[in-house]
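Notes for the one structure printed next.
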Amino acid sequence: MRRFAALILALAAQIWFLPVQAQEAKLPVVASFSILGDMVRQIGGDAVTVRQLVGPGEDAHVYQPRPADVKMLSEATLVVVNGLGLEGWMERLIRASGYHGITVISSEGINPASMKSEAGKSLADPHAWQDLKNAEIYIRNIEQGLVQVDPARAALYHQRAEAYRAQVMALDNWVREQIAKVPVDQRKIITSHDAFGYFGRAYGIRFLAPAGLSTESEPTAAQIGKLIKQIKLEGIKALFIENMTNPRLIDMLAKETGAFVGGTLYSDSLSLDGGEADSYLKMFDHNVPLLIKSMKLN
């Protein structure tokens with residue numbers, strides 16, 4: 000973590016030292032993927048036990064449920080998913096597990112961005128967490144779900160959600176301050192797949208990607224050729240790999256255009272515990288300086 004780290008640590012103390020009724024049993028919660036798992040932990044603290052189906056470094060777009068996932072869901076009191084079409088496999092998995100509890104759709108209430116699929120069909124962009132303003136909605140929905148299944152600890156969940164919300168708002172302000180230092184005409188980035196649409200709209204950056212909304216998408220030769228021309232024409236200097244995607248396309252674009260690979264961004268998945276982006280907030284703290292460094296070269 001960088002300059003934002005001190006602020007996050009100070010605000011995090013508000014969460015870490017909130018009281019927990021240790022005598023009560025922990026609430027078993029299953030989150031669909033690692034970013035949501037972290038959000039649930041921040042709000043639930045020691046009152047919850049969180050397991051996630053799609054772990055750090057794994058890809059929710061192409062995830063294949065395992066037999067152990069059925070057992071995991073059957074033991075849950077609350078399930079938290081993103082929605083917006085991210086977890087196309089989730090409904091079948093819930094049916095197979097026999098889970099009949101509450102499922103929190105954490106993106107509910109967000110005004111979803113729409114994008115065109117490779118077939119020209121309009122789809123909701125599921126990556127809504129990439130706008131920190133949307134994270135406030137995620138926090139509210141998760142808090143409400145926890146309170147609904149565990150009303151005895153409602154005050155604790157509310158306190159922790161408020162403290163976490165303060166961290167998110169502070170991070171949002173920091174991101175805006177940092178990006179404002181880059182001239183508008185230099186704010187252009189190439190990434191592996193189209194996961195940063197919300198980020199780009201929120202913070203004024205234009206993202207281009209060889210693949211579409213899903214990491215399953217494979218661009219055509221014509222699309223790649225068009226992107227190569229655009230990279231050269233606009234003088235984009237750096238290309239970015241995402242932590243859960245195949246770097247092949249980005250490596251090929253770098254070879255064809257002379258641009259360099261600026262590093263690894265975290266978009267749909269966190270790093271392993273102890274890594275550079277092992278929480279939702281640290282994901283932004285890792286990504287933003289890398290993006291700014293490369294944009295200043297454009």
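The C-terminal position of the sequence shown is numbered 297 in numbering that gives the first Met the number 0, with every residue numbered one higher than the one before it. C-beta atoms are modelled at their ideal positions from N, C-alpha and C, and glycine is treated no differently.
Contacts around Ile227, its chain only, beta-carbon distance under 8 Å, and the 5 residues preceding and following it disregarded: Leu252, Glu255 and Thr256
Please determine if the stretch 75-86 and the stretch 192-203 are in contact, where contact requires at least 3 C-beta pairs separated by less than 8 Å. no
Are the stretch 37-45 and the stretch 144-161 touching, with three or more C-beta to C-beta distances below 8 Å? yes
Name, in chain order, the residues that DSSP records as bridge partners for Lys187. Arg205
With respect to the alpha helix (DSSP H) encompassing Thr102, which residues constitute its N-terminal and C-terminal limits? Not the alpha helix (DSSP H): Thr102 falls in the beta strand (DSSP E), residues Ile101 to Ile104.
I think Ile178 touches Ile291, with their Cβ atoms under 8 Å apart; what is that distance to the nearest whole Å? 7 Å
Sub-9 Å separation of Arg200 and Arg186 beta-carbons: no
Interface flag, Thr48 vs chain D, CB-CB below 9 Å: Here there is only one protein chain, and chain D is not present.
Helix, strand or coil: how does DSSP classify Ser278 here? coil
If you draw a straight line from the alpha carbon of Val53 to that of Ser31, how long is it in whole angstroms? 6 Å
Thinking Phe283 and Leu170 are a contact (beta carbons under 8 Å), I'd like their distance in whole angstroms, please. 6 Å
Collapsed DSSP secondary structure at Ile109 in the structure displayed: coil
How far does the alpha helix (DSSP H) with Gln177 in it reach, from first residue to last? Ala153 to Ile178
Alpha-carbon to alpha-carbon, Ala46 and Lys120: 43 Å
Report the partner residues of Met114 according to the DSSP bridge assignment. Leu122
Go ahead and label Asp149 buried or exposed: buried means 16 or more other beta carbons lie within 10 angstroms of its beta carbon, across all protein chains shown. buried
Terminal residues of the alpha helix (DSSP H) in which Glu255 lies: Arg247 to Thr256
Using 10 angstroms around the beta-carbon of Phe239, count the other beta-carbons present and answer buried if the total reaches 16, otherwise exposed. buried
4 or more residues per run - each alpha helix (DSSP H) lying fully within the stretch 15-58: 33-43
Could you name the residues of the same chain whose beta carbon sits closer than 7 Å to that of Ala123, not counting the 5 residues immediately before and after it, in chain order? Leu83, Gly84, Pro111 and Ser113
Residues of its chain near Phe259, where Cβ-Cβ distance is below 8 Å and the 5 sequence neighbours each way are ignored: Lys236, Ala237, Leu238 and Ala253
For Ala208, which residues in the same chain have their Cβ closer than 6 Å to its Cβ, ignoring the five residues on either side in sequence? Thr190, His192 and Asp193
In the DSSP assignment, the beta strand (DSSP E) including Ala237 goes from what residue to what residue? Ala237 to Glu241
According to DSSP, simplified to helix, strand and coil, what is Phe259? strand
Our contact map puts His126 next to Ser266 with C-beta atoms below 8 Å; I'd like the distance itself, whole angstroms only. 7 Å
Rounded Cβ spacing between Ala26 and Ser105 (contact assumed at less than 8 Å): Note that residue 26 is Leu in the sequence shown here, rather than Ala. That belief does not hold up - the Cβ atoms of Leu26 and Ser105 are roughly 16 Å apart, past 8 Å.
Looking at Val103 and Ile138, is the spacing between their C-beta atoms short of 9 Å? no
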